[in-house]
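Let me begin by presenting the structure, written as structure tokens, before commenting on it.
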Amino acid sequence: MARAALAGNWVLVHRVVLPAGERAPSAPPETQTVPLEMRVKGFLVDAAASPGDTVTVRTLSGRHVAGRLVAVNPPIPPTFGSPVPELLDIGPELRRRVGGGRKEERP
Amino acid sequence: MSDSAAYGAVMARRAEILRRSTGIDYESFRRGRFAFDYESMMSSTGYSLDEARRIQAEVNVGSTPLLELRNLTGLVRSMARPGHGARLLVKDEAANPSGSFKARRSALSVHEAWRRGYPGVIAATSGNYGAAVASQAAARNLPCVIVQEVFDSRGVGQPEILEKTRACEAYGAEVIQLTVGPELFYVQLALLEETGYFNASLYTPFSVSGIETLGYEVAQDCRRVAGKDPDLVVITHAGGGNVTGTARGLRQAGCDRTLVVGASVDLKGLHMASDRDFNRKSFTTGHTGFGVPFATWPDRADVLFNAARPLRYLDRYYTVTQGEVFYVTEALAQLEGLERGPAGNTSLAVAVALARDLPAEAVVVVQETEYTGAGKHSTAQLTFARENGVEVRRGDPAESKPGQVIVIPERPEQIQAQASPLDELRRSYLRHAWQVSGGDLGQADRDFFPADLGASPEFVEKTLAALDAGGK
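Spelled out as structure tokens, the structure:
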């Protein structure tokens with residue numbers, strides 16, 4: 001359940017920079033048919049707002065940017081993903097190959 | 108949108124915006140339609156090696172350790188003929204403040220912005236350079252905006268770029284996250300106009316001279332560690348700055364016999380500005396999608412004359428597959444205890460392949476590592492690849508298909524560097540110049556091309572004559 005945002009909250013806003021059809025001539029066809037969109041985070045300037053509202057934020061560089069409110073305190077998305085079985089065997093395989101030399105070098 | 112902010116209107120003001128936002132009068136270096144005085148541009152607007160070293164030291168950039176890869180060298184020798192298998196050294200550039208060699212580039216750009224009194228800095232980049240500019244701007248207390256290409260039209264973000272968003276914000280920068288397309292520079296230009304900030308482009312003389320210190324340190328470190336100049340320096344190649352700056356630094360250190368080797372991940376067939384292909388690649392830089400176009404036409408950049416001119420400096424150029432880079436990334440962690448990359452390990456994959464056929468006395472320097480983290484890590488990239496319908500399996504990397512199949516080698520012997528003939532890139536450059544000019548190339552351009560291509564005048568004349576004769 002999305003919660004309302006209050007002035008000063010850290011929020012994510014979205015806006016269309018170039019609509020489909022007004023994109024750079026050099027964009028490939030599948031890119032021409034979709035808009036150029038922008039997302040930016042900042043501190044909400046408006047007193048209060050709900051997702052979907054057009055709001056203004058003050059970004060980390062101090063600029064004021066208008067956009068549609070998407071999320072309040074948005075999560076930080078990148079993760080390490082899941083373990084990859086195809087990678088898990090590589091270490092043991094390589095250690096077996098160089099392992100003999102290591103033991104002989106021990107004092 | 109107001110008319111003055113439309114794509115065509117902003118792009119038409121490009122030259123003036125660039126002049127103001129870089130402080131460089133690029134036109135003053137022009138000698139022909141394409142020709143410009145490269146060395147004058149570098150010496151009159153860039154920083155000397157001594158200045159660069161001093162400024163970088165002030166902000167804790169550079170002087171990274173050159174590490175001996177003993178176990179990887181042992182692995183290479185276990186695959187080599189008797190008396191073969193070169194010694195592998197790596198410059199641990201991850202030790203820079205923002206975790207990559209890009210700190211060297213940003214240090215001089217941000218210093219220039221600071222010295223000239225610009226109110227802030229802007230860079231359009233989805234890679235480590237954004238974090239580097241944000242980090243240096245933080246060190247000089249300048250506001251910073253980074254413009255990134257992050258999402259496809261479904262709103263799905265490339266994990267490596269999402270990590271860069273996080274890093275830039277951690278350094279206090281505003282990050283504009285865009286969807287895929289060639290309009291990154293358009294948005295950057297509009298922002299430069301709006302803010303009056305400095306354009307910390309990857310492609311100014313400031314940025315490229317910042318990398319000369321890396322080439323210089325590689326030479327000095329290698330002489331100390333190995334008692335000789337490097338035989339090969341392997342450099343991950345994308346936009347061309349890494350190759351150009353490193354090679355210029357090696358030359359200034361007097362490494363006349365060192366071969367400069369470029370390395371890119373082969374992403375042939377994937378269009379970099381395609382909404383569909385965008386999230387079907389596991390490497391957001393260091394790949395042929397940048398490496399080839401920036402070699403064959405450097406001035407496609409966000410400045411008028413690109414200071415990164417890789418064909419001037421490359422002696423060899425090789426490609427490897429994504430799977431091979433993931434394999435050596437794992438090997439670097441498991442055999443050397445160095446968890447780095449993966450994208451920055453492209454040059455390591457090529458180095459492992461080439462070292463096998465070199466004499467044991469030879470020294471191969473891999474000139475960078477980069478930090479790893481959530482989103483960038485191999486596990487993150489391969490998880491994302493699977494989610495986007497890319498098959499991941501072990502086998503012969505020769506069977507890999509960019510955007511469809513990532514094949515992780517079963518044995519280190521399967522790591523092979525594919526030679527990419529530089530003459531083909533040189534011909535492609537000349538074909539482009541010939542086409543853009545409508546076949547009407549002036550003498551100044553014809554005189555400029557041999558140096559810009561690292562080719563003989565005869566090669567250039569012969570190629571242009573064939574284009575004249577063929578009419579295409």
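So the sequences go chain by chain: A and B.
Under this note's numbering, the residues of the first sequence are numbered 1 to 107, in order.
Under this note's numbering, the residues of the second sequence are numbered 108 to 579, in order.
Yeah, the Cβ is synthetic: ideal placement off N, Cα and C, and Gly gets one too.
query	result
Run of the beta strand (DSSP E) containing methionine 379 (chain B), from where it starts to where it stops	Run containing methionine 379 (chain B): none; DSSP gives neither H nor E here.
Valine 435 (chain B) and valine 372 (chain B) closer than 8 Å at C-beta	no
Reduced DSSP secondary structure (H/G/I, E/B, other) of histidine 14 (chain A)	strand
Status (buried if at least 16 other CB within 10 Å, exposed otherwise) for asparagine 235 (chain B)	buried
8 Å contact criterion, which valine 459 (chain B) and isoleucine 522 (chain B) should meet: CB distance rounded	5 Å
Residue range of the alpha helix (DSSP H) that includes aspartate 39 (chain A)	Looking at the sequence itself, residue 39 (chain A) is arginine, so the reference to aspartate does not match. No alpha helix (DSSP H) holds arginine 39 (chain A); the beta strand (DSSP E) holding it covers 36-44.
Local Cβ density within 10 Å of histidine 64 (chain A), reported as buried at 16 or more and exposed below that	exposed
Chain A within 8 Å of isoleucine 515 (chain B), Cβ atoms only	yes
Glutamate 270 (chain B): contacting residues in chain A (beta-carbon distance under 7 Å)	Pro78
Given 8 Å, three or more beta-carbon pairs between the region 532-552 of chain B and the region 449-459 of chain B	no
Assumed close pair glutamine 359 (chain B), glutamate 319 (chain B) - CB separation to whole angstroms, cut-off 8 Å	7 Å
Glutamine 542 (chain B) burial status per 10 Å Cβ neighbour count (16 or more: buried)	exposed
Within 7 Å of chain B by C-beta, residues of the region 64-92 of chain A in sequence order	Ile76, Pro77, Pro78, Thr79, Phe80, Gly81, Ser82, Pro83, Val84, Glu86, Leu87, Ile90 and Gly91
Cβ-Cβ distance between glycine 510 (chain B) and lysine 388 (chain B) below 8 Å	yes
Three-pair Cβ contact test at 8 Å for the region 272-291 of chain B versus the region 380-396 of chain B	yes
Stretch-stretch touch, CB-based, cutoff 8 Å, three pairs: the region 121-137 of chain B with the region 181-188 of chain B	no
Chain A within 8 Å of arginine 500 (chain B), Cβ atoms only	yes
Three-state secondary structure (DSSP) of alanine 49 (chain A)	strand
N- and C-terminal bounds of the alpha helix (DSSP H) containing threonine 403 (chain B)	395-403
Cβ-Cβ distance between glycine 396 (chain B) and leucine 374 (chain B) below 8 Å	yes
Pair within 8 Å by beta-carbon distance, phenylalanine 433 (chain B) and serine 485 (chain B)	yes
Residues of the region 427-456 of chain B whose Cβ lies closer than 8 Å to any Cβ of chain A, in chain order	Phe433, Tyr434, Glu437, Ala438, Ala440, Gln441 and Leu442
Spatial distance of glycine 369 (chain B) from alanine 277 (chain B) (CA atoms)	32 Å
Burial state of aspartate 338 (chain B) (16 or more Cβ within 10 Å)	buried
Neighbour flag for valine 98 (chain A) against chain B, beta carbons, 8 Å	yes
Valine 197 (chain B) versus aspartate 575 (chain B) - alpha carbon distance	46 Å
Between the CA atoms of arginine 423 (chain B) and arginine 463 (chain B) - distance to the nearest angstrom	16 Å
Closer than 8 Å to chain A by CB, cysteine 329 (chain B)	no
Short CB-CB distance (under 8 Å) between aspartate 382 (chain B) and chain A	yes
Opening and closing residue of the alpha helix (DSSP H) in which histidine 64 (chain A) lies	No alpha helix (DSSP H) holds histidine 64 (chain A); the beta strand (DSSP E) holding it covers 64-72.
Whether arginine 68 (chain A) touches valine 13 (chain A) by CB criterion (8 Å)	yes
Rounded separation between glycine 549 (chain B) and serine 147 (chain B) - CA only	21 Å
8 Å contact criterion, which leucine 465 (chain B) and histidine 191 (chain B) should meet: CB distance rounded	6 Å
Alanine 469 (chain B) to phenylalanine 566 (chain B) span [Cα, whole Å]	31 Å
Among B:Tyr310, B:Phe555, B:Val340 and B:Arg364, the one whose alpha carbon lies nearest that of leucine 321 (chain B)	B:Val340
Glycine 52 (chain A) at chain B interface by Cβ criterion, 8 Å	no
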